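A.B. asks: What follows is a single structure, and I will ask about it in a moment.
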Amino acid sequence: MAELTGVHPPGEYPVVVVGSGPGGLQTAYALSRLGVEHAIVSQDDSPGGMFRKWPIYQRLLSWTKPDAPYERTEREYEWYDHNSLIADEPELRATVAAEVDRTYMTPSCSEMERGLAAFAERGGIQVRYGCRWESTRKEEDGYVLVTSEGEYRCRAVVFALGVTDPWKSPIPGIEEVPHYAETPAAREFEGKSVLVIGKRNSGFEIADGLEPWARQIFLVSPRPVQTAVLANATVRVRYFEPLEDAAWGGGTFALDAAVERIERTESGGYRLHANGTTRPGPITLEADAAIAATGFRTPLQDLWELGLGTVADGRIPALTPYWESTTLAGVYFAGNTMQGAAGLRKNGIGSASGTVSGFRYNARLLAQEIAKRLGHKQEWQQLGRGDIVPFLLSELRGGPEIWTQKGYLARAVYPDGSTGIVPLAHFLDHCEHGSIAITIEMNQEGEIYPVSYVRAREEIDERQLPPHALNDFGETEYRAALESLL
Amino acid sequence: MANGEDLVDTLRRFNLFADLDRAQLEAIADPDSERSFGAGERILRRGMSGSGFYVILDGEASVTLGGEELNRLRQGDFFGEISTLLDEPLTADVTAETPVRVLEIPGPRLEAFLLSYPKVMLRMLVTEARRLQEVLAWRS
């Protein structure tokens with residue numbers, strides 16, 4: 003029965019946000035700041051529902067440093083706290099940093115959940131909890147979301163659903179294998195040999211968690227672990243022990259093999275048939291237990307039927323640089339799903355849009371973009387001509403947007419002196435003559451350096467500036483390089 | 726996934742990968758290497774550095790220089806290798822004319838990729854030779 007009272011009851015809104023994780027909360031906050039009327043609905047009963055389930059054995063992967071070169075109330079501190087949502091008001095900043103007990107540099111799930119709840123409460127973000135989105139209709143000027151509480155009509159919808167539906171790769175016999183999401187307590191694996199299908203974060207999280215319990219662990223997937231890429235990634239903590247164990251022959255195996263089929267054995271275990279990829283040849287092995295750590299997908303429900311384009315085996319929506327579906331106008335995605343907009347991926351380096359640290363900035367831009375589409379006027383920060391170079395230098399030193407979203411987000415200055423953060427791809431394709439953008443980028447060797455982009459008629463002049471031993475891009479040579487752009 | 730077909734099944738139909746067995750195709754078919762572009766969206770931009778090697782999984786893309794179309798790329802065609810191999814900025818724009826999906830091998834990984842699959846490198850070389858032959862025939 004439709005409940006037509008309470009917070010954001012079913013009805014007509016310019017924008018509806020679905021989801022109350024970090025992506026939904028950050029988008030709702032940013033829409034409120036811009037004065038865009040919206041409803042936010044969630045099937046959960048409090049913020050950050052995912053963190054009550056996952057990661058199964060461990061902490062979050064991204065850091066929150068309670069102490070840093072900047073105060074927690076300053077904007078530059080955001081770079082040192084990758085889990086708190088961002089806000090203009092000091093009391094809404096660094097809410098996860100306030101919760102961490104300094105056991106480790108990445109927060110526990112409950113610390114993250116409390117930090118999110120504090121943000122929602124202090125920010126006055128009103129969510130209609132317990133309201134489940136069930137289906138979708140496209141209408142001439144927008145969408146109708148059918149929920150467990152009734153129908154919501156809107157011009158733009160933002161899905162902040164996470165990438166949370168267990169997904170299994172199409173391997174014969176995998177239906178017999180429990181998914182990562184169903185993994186029981188580690189002690190259940192005491193003395194057992196365990197087959198883990200998948201060699202990505204969740205596979206190694208399981209392996210790492212089971213190292214003290216299992217007798218043997220076999221991690222299997224076609225592609226090798228990219229140790230060179232991992233070397234500079236926060237996720238490497240999950241790979242350390244199992245990979246070291248594998249390298250020393252201690253009972254863990256990381257096998258590069260395409261799985262042909264999996265079958266049950268008479269004793270209730272599993273038998274795997276595979277073909278080696280890095281080292282060709284057939285592989286057969288048996289294990290007492292098995293786990294499919296084959297990943298997750300976005301719970302897209304019936305959006306497929308409306309023609310939603312996807313990537314990654316249909317697991318993630320394909321998005322424009324402003325996180326709109328490439329096929330469904332007016333359908334936007336926030337949160338982890340924002341990784342569906344790949345950006346330029348220069349030198350093979352992806353965006354940080356799959357983590358809170360990166361997508362919290364995307365959410366602010368997404369809100370600006372939606373406000374613009376709905377006809378809201380926005381005020382941009384204006385710079386006098388003499389202020390441009392000092393401002394850009396300070397951004398290169400500590401601008402958290404470009405530092406976090408390396409090579410994806412850019413700081414732009416337009417010929418009229420206005421400045422803002424934009425997706426680099428959007429800047430390159432849509433900026434006018436005389437516009438300037440700067441980014442912080444990195445290469446596969448882990449060097450960090452600034453890059454400038456200047457639009458001169460149809461051409462883009464891209465210039466890579468040198469790295470600096472202390473990442474201090476405020477020095478003379480950087481000043482000279484930026485002055486030459488003007 | 727397009728039309729229920731997985732990435733391995735798409736790749737196995739392309740001339741470039743015709744010599745690879747299923748296990749090798751599975752090793753290449755990393756879903757995270759798949760990228761998607763809406764019609765009209767730019768895939769590569771002239772003058773830019775740091776791009777990679779791309780194989781069109783489906784859709785059509787145009788290669789343009791100063792607004793003039795030089796070439797049309799379709800399913801199975803590849804591009805981006807010249808800029809990557811020579812480590813030079815891109816010399817033309819590539820734009821999706823329809824929704825386009827590509828498989829991307831990032832620039833820094835192309836050399837290792839080609840050395841791992843010499844038969845792919847040979848087929849790539851044959852294609853490059855044909856392209857050169859066409860240019861020479863056009864000039865003579």
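Chains as they are written, first to last, in the working numbering: chain A, 3 to 488; chain B, 726 to 865.
Glycine included, C-beta positions come from ideal geometry on N, C-alpha and C.
Note that the coordinates shown come from a computational prediction; the quantities given were computed from them, not determined experimentally.
1. Roughly how many angstroms separate the alpha carbons of alanine 70 (chain A) and valine 179 (chain A), rounded to a whole number?
2. Give me the chain B residues within the contact set of alanine 369 (chain A), using Cβ-Cβ distance strictly less than 8 angstroms, ordered along the chain.
3. So which residues on chain B does lysine 348 (chain A) lean against when the C-beta distance must stay under 8 angstroms?
4. Between the alpha carbons of lysine 379 (chain A) and tyrosine 334 (chain A), how many angstroms are there, rounded?
5. Report the rounded CA-to-CA distance for histidine 10 (chain A) versus leucine 33 (chain A), giving the unit in angstroms.
6. Less than 7 angstroms between the C-beta atoms of glutamate 822 (chain B) and serine 787 (chain B), yes or no?
7. Measuring CB atoms only, is the segment 805-816 of chain B touching the segment 470-478 of chain A, in the sense that at least three cross pairs come out at less than 8 angstroms?
8. Helix, strand or coil: how does DSSP classify lysine 379 (chain A) here?
9. Against chain B, does arginine 225 (chain A) count as a neighbour if the rule is that its beta carbon must be under 7 angstroms from one of theirs?
10. Mark alanine 230 (chain A) as exposed unless 16 or more other C-beta atoms lie within 10 angstroms of its C-beta, in which case mark it buried.
11. In the DSSP assignment, what residue or residues form a beta bridge with tryptophan 306 (chain A)?
12. Report the three-state DSSP secondary structure of lysine 140 (chain A) (helix, strand or coil).
13. Enumerate in chain order the residues of its own chain whose CB-to-CB distance from methionine 726 (chain B) is below 7 angstroms, with the five nearest sequence positions on each side excluded.
14. Should aspartate 431 (chain A) be flagged as near chain B, meaning a C-beta pair shorter than 7 angstroms?
15. Okay, do the segment 129-143 of chain A and the segment 82-100 of chain A touch, 3+ Cβ pairs below 8 angstroms being the bar?
16. Can you tell me whether proline 469 (chain A) is helix, strand or coil according to DSSP?
17. To the nearest angstrom, how far is it from the Cα of glycine 729 (chain B) to the Cα of glycine 801 (chain B)?
18. Given this structure, state the Cα-to-Cα distance separating methionine 3 (chain A) from glutamate 307 (chain A), to the nearest angstrom.
19. Report yes or no: do three or more beta-carbon pairs, one from the segment 149-169 of chain A and one from the segment 20-30 of chain A, lie closer than 8 angstroms?
20. Hey, is phenylalanine 191 (chain A) close to the ligand SAH, as in C-beta under 6 angstroms from one of its heavy atoms?
21. Considering only their Cβ atoms, is the gap separating glycine 205 (chain A) from leucine 221 (chain A) smaller than 7 angstroms?
22. Taking C-beta pairs closer than 8 angstroms, name the residues in chain B that threonine 296 (chain A) reaches, listed in chain order.
23. Would you mind giving the Cβ-Cβ distance between tryptophan 215 (chain A) and phenylalanine 191 (chain A), rounded to the nearest angstrom? I have them listed as a contact below 8 angstroms.
24. Throw me the rounded Cβ distance for the valine 18 (chain A) and tyrosine 154 (chain A) pair, which I believe falls under 8 angstroms.
25. For the segment 444-461 of chain A, enumerate the residues whose C-beta is nearer than 8 angstroms to any C-beta of chain B, in chain order.
26. Under 7 angstroms between the Cβ atoms of phenylalanine 361 (chain A) and glycine 342 (chain A)?
27. Count the other C-beta atoms from every protein chain shown that fall within 10 angstroms of the C-beta of glutamate 371 (chain A), then say buried if there are 16 or more, exposed otherwise.
28. Tell me the DSSP secondary structure of valine 860 (chain B) in three-state form.
29. Is there at least one Cβ from chain B nearer than 7 angstroms to aspartate 315 (chain A)'s Cβ?
30. Which residue from A:Leu376, A:Lys55 and A:Pro469 puts its Cα closest to that of serine 110 (chain A)?
31. Can you list, in chain order, the residues of the segment 775-807 of chain B whose Cβ is nearer than 9 angstroms to any Cβ on chain A?
32. Please decide whether arginine 737 (chain B) counts as near chain A, where near means a Cβ-Cβ distance under 7 angstroms.
33. For leucine 850 (chain B), count neighbouring Cβ atoms within 10 angstroms of its own Cβ and tell me buried if that reaches 16, exposed if not.
34. By DSSP, does methionine 726 (chain B) sit in helix, in strand, or in coil?
35. With 7 angstroms set as the bound, which would you pick, yes or no: does the beta-carbon of glycine 311 (chain A) sit closer than that to a beta-carbon of chain B?
36. Considering just the uninterrupted stretch of the beta strand (DSSP E) at glycine 13 (chain A), what are its terminal residues?
C.D. replies: Reading it off the structure:
1. Your numbering for residue 70 (chain A) matches position 68 in the first sequence. Your numbering for residue 179 (chain A) matches position 177 in the first sequence. Taking the straight line joining both Cα atoms gives about 44 angstroms.
2. Counting from one through the first sequence, the residue named residue 369 (chain A) turns up at place 367. None at all; the shortest Cβ gap to chain B is about 21 angstroms.
3. If you number the first sequence from 1, residue 348 (chain A) lands on position 346. Under the 8 angstroms cutoff, chain B gives Met773, Ser774, Gly775 and Ser776.
4. Along the first sequence, one-based indexing puts residue 379 (chain A) at 377. Along the first sequence, one-based indexing puts residue 334 (chain A) at 332. Computed Cα separation, rounded: 20 angstroms.
5. On the first sequence, position 8 is the one that residue 10 (chain A) refers to. On the first sequence, position 31 is the one that residue 33 (chain A) refers to. Distance between the alpha carbons of histidine 10 (chain A) and leucine 33 (chain A) is about 15 angstroms.
6. Taking the second sequence and counting its residues from 1, one reaches residue 822 (chain B) at position 97. Taking the second sequence and counting its residues from 1, one reaches residue 787 (chain B) at position 62. Yes, these two residues count as a Cβ contact at 7 angstroms.
7. Between the segment 805-816 of chain B and the segment 470-478 of chain A there are fewer than three inter-stretch CB-CB distances shorter than 8 angstroms, so the stretches are not counted as touching.
8. On the first sequence, position 377 is the one that residue 379 (chain A) refers to. In the structure shown, lysine 379 (chain A) sits in coil (DSSP, three-state: anything other than H, G, I, E or B).
9. Here the question's residue 225 (chain A) lines up with position 223 in the first sequence. Closer than 7 angstroms: yes.
10. Numbered from its first residue, the first sequence carries residue 230 (chain A) at position 228. Result: exposed.
11. Within the first sequence, numbered from 1, the residue matching residue 306 (chain A) stands at position 304. According to DSSP, tryptophan 306 (chain A) bridges with nothing at all.
12. Here residue 140 (chain A) refers to the residue found at position 138 when the first sequence is read from its first residue. The answer is strand: DSSP assigns lysine 140 (chain A) an E or B state.
13. Position 1 of the second sequence, counted from the start, is the residue given in the question as residue 726 (chain B). Note that methionine 726 (chain B) scores 37 on pLDDT, short of 50, meaning its location in the model is unreliable; the coordinates nonetheless yield the value given after this. Here the set comprises nothing.
14. As a first step, residue 431 (chain A) is located in the first sequence; it is residue number 429 there, counting from the start. True, the Cβ-Cβ gap to chain B drops below 7 angstroms.
15. no
16. Within the first sequence, residue 469 (chain A) is the residue found at index 467, counting from 1. Note: proline 469 (chain A) maps to coil in three-state DSSP.
17. Start at 1 with the first residue of the second sequence, and residue 729 (chain B) comes out as number 4. Start at 1 with the first residue of the second sequence, and residue 801 (chain B) comes out as number 76. The predicted position of glycine 729 (chain B) is uncertain, since its pLDDT is 41 and thus under 50; no value can be drawn from it.
18. Reading the first sequence from its first residue, position 1 is the one you call residue 3 (chain A). Reading the first sequence from its first residue, position 305 is the one you call residue 307 (chain A). Here the model assigns methionine 3 (chain A) a pLDDT of 45, short of 50, so the residue's position is not dependable, and the following value carries that caveat. The straight-line gap separating the alpha-carbon atoms of methionine 3 (chain A) and glutamate 307 (chain A) is approximately 26 angstroms.
19. yes
20. Questions concerning the ligand SAH fall outside what the structure shown contains, since it holds no ligand whatsoever.
21. Here the question's residue 221 (chain A) lines up with position 219 in the first sequence. Here the question's residue 205 (chain A) lines up with position 203 in the first sequence. Cβ atoms of leucine 221 (chain A) and glycine 205 (chain A): closer than 7 angstroms.
22. Within the first sequence, numbered from 1, the residue matching residue 296 (chain A) stands at position 294. For threonine 296 (chain A), none of the residues of chain B pass the 8 angstroms Cβ criterion, the least Cβ distance being about 10 angstroms.
23. Indexing the first sequence from 1 puts residue 215 (chain A) at position 213. Indexing the first sequence from 1 puts residue 191 (chain A) at position 189. Contact between tryptophan 215 (chain A) and phenylalanine 191 (chain A) is confirmed by a C-beta separation of about 5 angstroms, below the 8 angstroms threshold.
24. Locating residue 18 (chain A) in the first sequence gives position 16, where the first residue counts as 1. Locating residue 154 (chain A) in the first sequence gives position 152, where the first residue counts as 1. Rounded, the Cβ-Cβ distance is 5 angstroms, consistent with contact.
25. Taking 8 angstroms as the Cβ-Cβ cut-off against chain B, the residues of the segment 444-461 of chain A that qualify are Asn445, Gln446, Glu460 and Glu461.
26. Here residue 361 (chain A) refers to the residue found at position 359 of the first sequence. Here residue 342 (chain A) refers to the residue found at position 340 of the first sequence. For phenylalanine 361 (chain A) and glycine 342 (chain A), no; Cβs fall outside 7 angstroms.
27. Numbered from 1 along the first sequence, position 369 holds the residue referred to as residue 371 (chain A). Burial call: buried.
28. Counted from its first residue, the second sequence places residue 860 (chain B) at position 135. Look at valine 860 (chain B) here: in three-state DSSP terms it is helix.
29. The count along the first sequence starts at 1 and reaches residue 315 (chain A) at position 313. With 7 angstroms as the cut-off, aspartate 315 (chain A) counts as an interface residue toward chain B.
30. Locating residue 110 (chain A) in the first sequence gives position 108, where the first residue counts as 1. Nearest option by C-alpha distance: A:Lys55.
31. Gly775, Ser776, Gly777, Gly791 and Gly792
32. As a first step, residue 737 (chain B) is located in the second sequence; it is residue number 12 there, counting from the start. Cβ-Cβ to chain A under 7 angstroms: no for arginine 737 (chain B).
33. Counting from 1 along the second sequence, the entry for residue 850 (chain B) is found at position 125. Burial call: exposed.
34. Locating residue 726 (chain B) in the second sequence gives position 1, where the first residue counts as 1. Unreliable positioning characterises methionine 726 (chain B) in this predicted model, as indicated by a pLDDT of 37, which lies under 50. The coordinate reading is nonetheless provided below. DSSP places methionine 726 (chain B) in coil when its eight states are reduced to three.
35. Position 309 of the first sequence holds residue 311 (chain A). With its beta carbon less than 7 angstroms from one in chain B, glycine 311 (chain A) belongs to the interface.
36. Taking the first sequence and counting its residues from 1, the one referred to as residue 13 (chain A) is at position 11. That run of the beta strand (DSSP E) goes 13-20.
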